[in-house]
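Residue numbers (the numbering used here): 78 to 846.
Here is the structure we will look at, set down as structure tokens.
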Amino acid sequence: MSVKSLDKIYNPKDFEHDGYRKAAHLFGPTGTGENYFSLLMPPPNVTGSLHLGHALTYTIQDILVRFHRIAGFDTIWQPGTDHAGIATQMVVARDLESAGIDPKSLSQDEFIDKIWEWKDKSGNNILDQQKALGCSAAWDYSRFTMDNGFCESVIEAFVTLYKSGLIFRDKRLVNWDTKLKTAISDLEIQNKEEKGTLWYIKYRIVDSSDFVTIATTRPETMFGDTAIAVHPDDERYKSLIGKMAIIPYSDRSIPIIADDYIDMEKGTGCLKVTPAHDPNDFAIGKRHDLEMISVIDMDGHLVSAYVPDLLRGLYLKKARKILVEKLTEDGTLTKEEEITHSVPYGDRSGTVVEPLLTEQWFVDAKAMAEEAIRVVEDNEIRFFPDKWKNTYFDWMRHIEPWCISRQIIWGHRIPAWYGPNGEIIVEKTEEEAFLVAEKLGIQIKQLRRETDVLDTWFSSGLWPFATFGWPKENSELLKRYYPTTTLVSGFDIIFFWIARMIMMSLFFMKKIPFKDIYIHALVRDEKGQKMSKSKGNVINPMDLIDEFGADALRFTLAFLSVPGRDIKFGRDHVKISRNFITKIWNAGRFLQSKGVLFTGSVSNINSKLNHWILVKLKNFKIEINKNIAEYRFDYATRNIQYFLREMFCDFFIEAMKFQDDDETKTVAGFVFAEFLRSANPFIPFVTEQLAETLGIIEDGSLVMARAKQIEPMNLSDDFEKEVDDFVELVHEIRSEKQLLGENNEKYNALMQKIQSWPGELRNLAQIVR
RNA sequence: GGUCACAUAGCUCAGUUGGUAGAGCACUGCGUUCACAUCGCAGUUGUCACAGGUUCGAGUCCUGUUGUGACCACCA
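Quick look at the structure:
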């Protein structure tokens, strides 16, 4: 509904805000002009629906984009979605199950088709919600991390990194998710504090009746032990070093070795070393060149020829229970102790993660991190707030090889082929791989294509340049909009995404991907607790938009965005914002009823009142521009409130009721129009609706998004102080009247003063009332 | 164990180079006068966590303590 007259009170439900639809074609880049502003939208997972965290991050991004667009920058806000490998595959599998379909009964291709179906449905859902929030992204340029062009980018990146020696294949200890049956990276692990048991177990010394006692929380892994380690200076065990010990229920004997890593205080001071199933033991194993014996399979069963028949093939938990019973029975287990320790869980699956020895693909992150650290040290890339760079450095300086292969089906398939004798061929296409194979004398039918896919974050890491057409040589978008200007993100993906983008961009583009990184807060509930489905305290932003309007939600989120502090979000805040937006609406109604014209030019101002409001407007614009440039959106919303309420409504509009000559009306129209422009990034729907209805912009073509910046006039501050004094006197008189009534000496004196105020302002004394 | 935050009115929070403590909500009183009751006008509310120090002067700077939270590492 388009309103010509603002004859009713603002209610978000009454307006469809079709200004958004009309302006949508203007959201893309123009490709012209000197300055550009380029912003990447962190691609939401295709599985997702909008939550308040999204609403916050998109609001901040849209504020930046609209602000720069209005200021005349050529602006691109690059949107898209992420295929989110594991997460999506899980959600779709669950969806199929609830529809009575067993995902395992589908072929791989059928399953992938189902995922694409889901993606189309879910992707649109997110898009609609982003639009409802008012996001002015370059929708026509939207990308998906698995669209055709992006697939090419990923292949190119992988092959280039491989041939540069930065991607390698290796047999290492990786985090294995026994439920999803895939490797996952260190970042995808959540450690949880848990109660557990520490078991003390005796190992007999070979050719002796003596024992050595170790303490362990995982007795079932003892069949993979290949040493017992003690500290070289430990007087208790010095004499044992070099001797052999026998693993219970096994005829296998293992050496007792000395290693500095051992802590004499912990447990018994003797550590069973299981290199294939523990990262620290793996390191010890490497140092001492120990055998690595795997006794756990990829489903989480205890397997291996070294495992006694009784336990072989059982799930770990079951095997542990039986083993502990047996050991207790025959006195090999001497002590049990309750302890709390932390246990690694898979982020997505929620099951215990097993360190397993498998062949995987890795990125040599250490090599790539060097330059990525330097650009932040040298302030080529800056964090806002600054403190986050410490978090970044901390991780980057201790970075480990990044495991990028996943044993799932939804994702970018690794472009590698294996020959019959362990040859590895990595090429962009099958044809090229075949050519290489021929040269090596390998028959094509002997080649086996890698089935693993890449970690989702490998493709997301290419987002800053792949979205703009890389590796195409002639990409105009890449030339014009890379590097991007700013990145807006939550702290939770500094490692997952931001660090990877910086490393990838520096390698492939030889230039930083963005100059500023704005890290926003986490949205919590009113009590400061994390919002989660299980707690039932999740607030759906769409409900808030329905009830209070997107403008109110946006304004609230910006208002609460204090750097370095989490947001405690309550719906009362949104209501307050809605009330303020009503205030703007009503100011517009008043001006319209006064017959104000909004297109007049302002020059040769005579009235002090008008001069005053213009100075206040100028200051307001300076302040808000400064605050947005410094990412202080909380201050900016306060600027908006203060100017509109205290300056414009409470004094200027009230004064207008006694001074409504043509000059004042022209100034009022000018000031209000300029206010709407400044507030538009925060309050797009209502400002656009008002601008259209009041004739500030041409009807039917909402070019608010491209409004010309009107340079602040060269105003002197001459009259500012006098009117400020006058305003203060008005407050003083009202206060006096309220406290002591109208018949007292002080009140009379103040009234006398205001009524004999020299010059123009005397007429405004009536404002006291 | 390491790192980083935070602690200001009943509540949520500002306080940007050290100079008489602020806003909104809540609460109290008044008010429907040419926008606005989704409102206006006016008012009440503080050992700025604690203890020291620097300074003419500290919410602000320094040290320590307590409490809360986050992240990283370790966990035999």
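Glycine is no exception: its CB is placed at the ideal position from the N, C-alpha and C atoms.
Remember, predicted model here, so these are calculated numbers, not experimental data.
Secondary structure within the segment 493 to 572: the beta strand (DSSP E) runs of 3 or more consecutive residues, fully enclosed, are 493 to 495, 501 to 503 and 561 to 567 (chain order). In the structure shown, the three-state DSSP call for His597 is strand. About 26 angstroms separates the beta carbon of Pro119 from that of Asn268, a gap too long to meet the 8 angstroms contact definition. In the structure shown, Gly273 adopts extended strand secondary structure according to DSSP, grouped into three states. Contact between the segment 363 to 378 and the segment 406 to 415 is absent, with fewer than three C-beta pairs closer than 8 angstroms. Excluding sequence positions up to five before and after Phe359, its CB lies within less than 7 angstroms of the CB of Leu250 and Pro352, all in the same chain and listed in chain order. With fewer than 16 other CB atoms across the displayed protein chains lying within 10 angstroms of its CB, Thr428 is exposed. In this chain, Val430 is not harboured by any alpha helix (DSSP H); it is covered by the beta strand (DSSP E) spanning Val430 to Val440. For Phe460, the enclosing beta strand (DSSP E) starts and ends at Arg459 to Phe461. Going by beta carbons, Trp662 and Val800 fall outside the 7 angstroms limit.
The segment 209 to 220 and the segment 149 to 166 touch, with no fewer than 3 CB-CB distances between them shorter than 8 angstroms.
Taken atom to atom, the span from the alpha-carbon of Asp593 to that of Asp602 is near 29 angstroms. Less than 7 angstroms separates the beta-carbon of Trp547 from that of Leu555. Your pair Phe439 and Ile244 checks out as a contact, with CB atoms roughly 7 angstroms apart and the cut at 8 angstroms.
Contact between Leu771 and Gly665 holds, with the beta-carbon distance rounding to 6 angstroms and staying under 8 angstroms. For Glu342, same chain residues with a beta-carbon under 8 angstroms away, outside a window of 5 residues either side, do not exist. Apart from the 5 residues on each side of it in sequence, Lys588 sits with its Cβ closer than 6 angstroms to the Cβ of Pro560 in its chain, given in chain order. Under the 10 Å beta carbon count, Thr764 is surrounded by 16 or more other beta carbons and is classified as buried.
Listed in chain order, the beta strand (DSSP E) elements of length 3 or more contained wholly in the segment 159 to 205 amount to none. Between the segment 535 to 551 and the segment 223 to 232 there are three or more inter-stretch CB-CB distances shorter than 8 angstroms, so the stretches are counted as touching. One Cα belongs to Thr107, the other to Trp540, and the distance between them is close to 21 angstroms. Out of Phe697, Phe720, Asp737 and Ile701, the CA that lies nearest to the CA of Ser684 is found in Asp737. When DSSP states are grouped into helix, strand and coil, Met341 belongs to the coil group. Phe803: member of the alpha helix (DSSP H) spanning Glu797 to Leu817, first to last residue. In the structure shown, Leu103 adopts helical secondary structure according to DSSP, grouped into three states. The three-state secondary structure of Asn704, taken from DSSP, is helix. Contact annotation: the segment 194 to 205 does not touch the segment 514 to 524, with fewer than three C-beta pairs closer than 8 angstroms. Nearest in C-alpha terms to Thr435, of all of Met375, Trp465, Glu457 and Ile399, is Met375. Rounded to whole angstroms, the Cβ separation of Ile491 and Glu527 is 4 angstroms, and the two are in contact under 8 angstroms.
Excluding sequence positions up to five before and after Pro385, its CB lies within less than 8 angstroms of the CB of Phe300, Tyr326 and Ser327, all in the same chain and listed in chain order. Bounds of the alpha helix (DSSP H) holding Glu229 are Asn225 to Lys240. Put simply, the backbone Cα of His650 is about 27 angstroms away from that of Ile699. By the Cβ-count criterion, Ser182 is exposed, with fewer than 16 other Cβ atoms from all chains shown falling within 10 Å of its own Cβ.
The DSSP-derived three-state label of Pro89 is helix. By DSSP's assignment, Lys607 forms a beta bridge with Arg601. With three or more CB-CB distances shorter than 8 angstroms, the segment 618 to 635 counts as touching the segment 125 to 143.
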